[in-house]
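*Asks:*
There are 2 protein chains.
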Amino acid sequence: MRLMTEKAQELYDVEEFWKFKMRVGLVKDAVRVPRTKKLIKLIVNFGDEERVVVAGIGDQYAPEDLKGKKMIFVTNLKPKQIAGIESQAMLVVAEDETTGKVYLITLDEKVPIGVKVW
Amino acid sequence: MRLMTEKAQELYDVEEFWKFKMRVGLVKDAVRVPRTKKLIKLIVNFGDEERVVVAGIGDQYAPEDLKGKKMIFVTNLKPKQIAGIESQAMLVVAEDETTGKVYLITLDEKVPIGVKVW
Chain G
8 MRLMTEKAQE
18 LYDVEEFWKF
28 KMRVGLVKDA
38 VRVPRTKKLI
48 KLIVNFGDEE
58 RVVVAGIGDQ
68 YAPEDLKGKK
78 MIFVTNLKPK
88 QIAGIESQAM
98 LVVAEDETTG
108 KVYLITLDEK
118 VPIGVKVW
Chain E
8 MRLMTEKAQE
18 LYDVEEFWKF
28 KMRVGLVKDA
38 VRVPRTKKLI
48 KLIVNFGDEE
58 RVVVAGIGDQ
68 YAPEDLKGKK
78 MIFVTNLKPK
88 QIAGIESQAM
98 LVVAEDETTG
108 KVYLITLDEK
118 VPIGVKVW
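As structure tokens, this is what we get:
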């Protein structure tokens with residue numbers, strides 16, 4: 008039985024979702040951000056450009072786990088200052104909200120760098 | 008040199024992106040939609056619910072390629088009638104816009120069904 012207090016979920020037009028650009032990027036380099044507990048600074052190659060991305064998954068992953076991987080990034084968000092570093096895209100991951108466990112979404116080796124995700 | 012006509016890319020707040028719910032779903036069943044060229048009807052299990060999803064990748068993938076896979080779906084879009092079937096979520100894939108080639112984004116076996124992608 009559904010709780011009477013459950014809020015109806017708002018539904019959106021797909022066109023609204025599509026205004027966000029997600030792309031496959033290759034993590035060229037990854038280093039821990041000094042004096043932080045879980046920040047990792049990534050250098051991500053999108054083929055036509057390279058960006059700095061700060062990801063907050065350093066409590067569960069080491070920089071070496073990320074380096075060389077092709078993953079998904081949202082690339083048209085406002086840049087964010089995180090621990091004094093400008094993060095120029097957002098890493099997309101899967102997360103179990105019950106346990107807090109983060110799972111990397113890595114794309115196959117054969118997927119070209121920079122391709123669109125939608 | 009950048010073309011003078013290039014449009015500045017609009018940037019969005021991450022909070023706006025987060026209103027879209029993406030979840031890992033397990034494709035329990037997949038069948039071609041009769042009398043269509045590229046539609047595949049999926050039955051997707053999200054743990055707490057099951058949904059029908061119509062995906063337009065049947066020109067590049069067979070139903071058997073999808074069945075049993077864990078993939079990413081956007082689950083709070085308005086349902087869409089596609090070839091007379093109500094699609095209740097959208098499959099997220101990678102696509103090379105130059106070649107039109109579609110790449111599946113499959114999650115690791117150990118990723119629990121239904122977890123959030125963000």
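Line by line, the protein sequences give chains G and E.
Position one of the first sequence corresponds to residue 8 (the numbering used here), numbered consecutively onward.
Position one of the second sequence corresponds to residue 8 (the numbering used here), numbered consecutively onward.
Yeah, the Cβ is synthetic: ideal placement off N, Cα and C, and Gly gets one too.
Should residue 96 of chain G be labelled buried (16 or more other beta-carbon atoms within 10 Å of its own) or exposed?
*Replies:* buried
*Asks:* Rounded to the nearest angstrom, how far is the Cβ of residue 141 of chain G from that of residue 46 of chain G, given a contact under 8 Å?
*Replies:* Outside the displayed range of chain G (8 to 125) lies residue 141 of chain G, so it cannot be described from this structure.
*Asks:* Consult DSSP for residue 49 of chain E and reduce its assignment to one of helix, strand or coil.
*Replies:* strand
*Asks:* Mind listing the chain E neighbours of residue 83 of chain G? Cutoff is C-beta to C-beta under 8 Å, in chain order.
*Replies:* 16, 17, 18, 19
*Asks:* What are the boundary residues of the beta strand (DSSP E) that residue 93 of chain G is part of?
*Replies:* 92-94
*Asks:* With DSSP as the reference, label residue 27 of chain E as helix, strand or coil.
*Replies:* coil
*Asks:* Is residue 25 of chain E near the ligand HEM, going by C-beta to nearest heavy atom under 6 Å?
*Replies:* Because no ligand of any kind appears in the structure shown, any question about the ligand HEM cannot be addressed here.
*Asks:* So what does DSSP say about residue 111 of chain E, is it helix, strand or coil?
*Replies:* coil
*Asks:* Any idea which residues DSSP pairs residue 33 of chain G with across the strands?
*Replies:* Bridge partners of residue 33 of chain G: G:52, G:77.
*Asks:* Establish whether the CB of residue 27 of chain G and some CB of chain E are separated by less than 7 Å.
*Replies:* yes
*Asks:* State the DSSP-derived secondary structure class of residue 40 of chain E, mapped to helix, strand or coil.
*Replies:* coil
*Asks:* Can you pull the DSSP bridge partners for residue 89 of chain G?
*Replies:* G:92
*Asks:* Determine whether the Cβ of residue 123 of chain G lies closer than 7 Å to any Cβ atom of chain E.
*Replies:* yes
*Asks:* My output table needs one value for residue 124 of chain E: the three-state DSSP class, helix, strand or coil.
*Replies:* strand
*Asks:* Using a Cβ-Cβ cut-off of 8 Å (strictly less than) and excluding sequence neighbours within five positions of residue 98 of chain E, which residues of its own chain qualify?
*Replies:* So the list reads 49, 60, 62, 64, 78, 79, 80, once near-sequence residues are dropped.
*Asks:* Between the Cα of residue 37 of chain E and the Cα atoms of E:114, E:115, E:76, which residue gives the shortest distance?
*Replies:* E:76
*Asks:* Using the DSSP secondary-structure output, state which residues sit across from residue 19 of chain G in a beta bridge.
*Replies:* E:84
*Asks:* Assuming residue 57 of chain E is part of the beta strand (DSSP E), what are its boundary residues?
*Replies:* 57-62
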